[in-house]
Ligand SMILES: NC(=O)c1ccc[n+]([C@@H]2O[C@H](COP(=O)([O-])OP(=O)(O)OC[C@H]3O[C@@H](n4cnc5c(N)ncnc54)[C@H](OP(=O)(O)O)[C@@H]3O)[C@@H](O)[C@H]2O)c1
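Residue numbers (this note's numbering): 9 to 298.
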């Protein structure tokens with residue numbers, strides 16, 4: 009009799025383990041055949057997200073403002089999708105920081121690729137400088153570039169996702185959106201705003217089965233980063249040296265894995281994760297639903 013007790017315990021543990029594995033597998037986002045729209049998908053981290061989404065079998069739409077950048081990005085993405093025998097990616101020239109442009113953008117994209125399941129808001133820019141020397145217009149333009157460029161597409165997408173009761177929204181903040189960094193008096197507050205928006209959206213989307221993730225990339229080698237470096241105060245460069253420089257591919261890959269796992273607060277690299285856990289400790293989201 010006593011011999012059977014440990015055996016039953018072991019069998020029960022195995023069954024529980026199997027069940028947990030099944031539940032956790034179920035809770036991952038399944039991207040194959042889904043429409044992914046990426047604002048800022050024509051360069052840097054956004055373009056790497058687009059390539060990875062093609063590898064996952066998604067229908068990809070990228071958005072940017074420069075025709076040259078869009079053309080070059082679409083060439084790369086179309087070559088890749090041909091090799092993968094996937095659906096041809098499409099692209100649009102839209103300024104997503106314009107309030108009235110996003111309804112039309114999403115309607116056009118959905119007509120071609122179906123309902124948007126994953127919206128990745130990656131459009132943004134960084135203008136560093138000493139606070140007292142900064143052109144006052146930059147404070148407004150950084151809010152437009154980083155915060156409003158997320159607000160408008162998300163508003164249009166959320167309405168649609170809410171109706172279908174499915175979908176996932178990704179916002180891109182920054183380590184500079186977790187803590188104020190010397191030289192980022194215009195950039196950091198705009199990325200704090202993105203983080204605030206993500207925390208609100210997480211709660212408002214929850215009842216409708218729509219997920220939200222907030223990606224806070226570390227310093228990442230991209231065309232945008234190279235441009236930012238031309239104007240960076242020396243102190244800002246010195247501060248960021250210790251944290252290292254990541255490739256856009258690595259950042260997008262690690263972030264997409266966490267998005268698929270429906271993580272709310274996402275960062276990359278040891279220091280990035282430490283800062284994300286330390287500075288955004290009041291709200292991390294806790295959903296792991298199926
Ligand atoms: N690289 C880093 O170190 C780093 C660190 C933390 C956070 N981030 C954030 O990560 C995101 C991507 O950065 P990145 O370095 O990959 O930048 P990037 O190489 O400059 O790419 C930015 C993309 O956004 C597009 N874009 C910008 N404003 C737009 C608008 N209003 N409407 C439509 N498209 C717009 C750009 O295309 P057009 O210019 O043609 O419109 C481009 O495709 C940004 O939000 C950035 O703030 C980057």
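A virtual CB, placed ideally from N, CA and C, is assigned to each residue, including glycine.
Residue i by DSSP, collapsed to three states: which one?
i	result
residue 195	helix
residue 50	coil
residue 129	strand
residue 57	helix
residue 204	helix
residue 221	strand
residue 179	strand
residue 229	strand
residue 112	helix
residue 45	strand
residue 156	helix
residue 32	Note that residue 32 scores 46 on pLDDT, short of 50, meaning its location in the model is unreliable; the coordinates nonetheless yield the value given after this. Residue 32: helix per DSSP, three-state reduction.
residue 273	strand
residue 85	helix
residue 4	In the structure as shown, the chain starts at 9 and stops at 298, and residue 4 therefore has no counterpart that could be examined.
residue 104	coil
residue 210	helix
residue 67	strand
residue 252	coil
residue 137	strand
Which one of the options has the shortest CA to CA distance from residue i?
i	options	result
residue 122	148, 251, 98	98
residue 240	84, 91, 138	138
residue 230	65, 43, 47, 55	55
residue 171	215, 104, 188	215
residue 65	91, 78, 177	91
residue 217	273, 248, 176, 247	176
residue 270	219, 242, 286	219
residue 71	38, 116, 282	116
residue 50	68, 78, 69, 43	78
residue 150	190, 111, 194	194
residue 105	158, 243, 268	158
residue 248	265, 12, 228, 133	228
residue 224	236, 196, 238, 211	196
residue 37	189, 190, 265, 148	265
Keeping to the same chain, check which residues put their C-beta closer than 8 Å to that of residue i; ignore five residues upstream and five downstream.
i	result
residue 114	45, 124, 161, 164, 165, 168
residue 73	101, 102, 103
Please list, in chain order, all residues of the same chain as residue i whose beta carbon is under 7 Å from its beta carbon, the five residues on each side excluded.
i	result
residue 199	154, 181, 182, 184, 185
residue 297	Low per-residue confidence applies at residue 297: pLDDT is 42, beneath 50, and the placement is therefore not dependable enough to give any value.
residue 120	98
residue 291	207
residue 234	none
residue 293	210, 272, 273
residue 136	191, 192, 195, 236, 239, 240, 241, 244
Might you give, ordered along the chain, the residues of its own chain that have their beta carbon closer than 6 Å to the beta carbon of residue i, omitting 5 neighbours on each side?
i	result
residue 48	54, 130, 131
residue 57	46, 128, 260
residue 288	186, 273
residue 173	216, 217
residue 262	276
Should residue i be counted as a contact of ligand 3 given a C-beta to heavy atom distance under 7 Å?
i	result
residue 61	Within the structure as shown, ligand 3 is missing, the only ligands being ligand 1.
- request: For ligand 1, enumerate in chain order all residues having a CB closer than 5 Å to any of its heavy atoms.
  value: Ordered by chain, the residues meeting the criterion of a beta-carbon within less than 5 Å of a non-hydrogen atom of ligand 1 are 48, 50, 51, 52, 53, 72, 73, 74, 77, 103, 104, 105, 130, 131, 132, 157, 180, 182, 225, 227, 228, 230, 231, 232, 233.
- prompt: Can at least three beta-carbon pairs, one atom from the stretch 198-210 and one from the stretch 252-261, be found at a separation below 8 Å?
  reply: No, the stretch 198-210 does not touch the stretch 252-261.
message: Count Cβ pairs between the stretch 235-255 and the stretch 276-285 that sit closer than 8 Å; are there 3 or more?
response: Yes, the stretch 235-255 touches the stretch 276-285.
query: Are at least three pairs of beta-carbons, each pair with one atom in the stretch 59-72 and one in the stretch 135-152, less than 8 Å apart?
result: No: fewer than three Cβ pairs fall under 8 Å.
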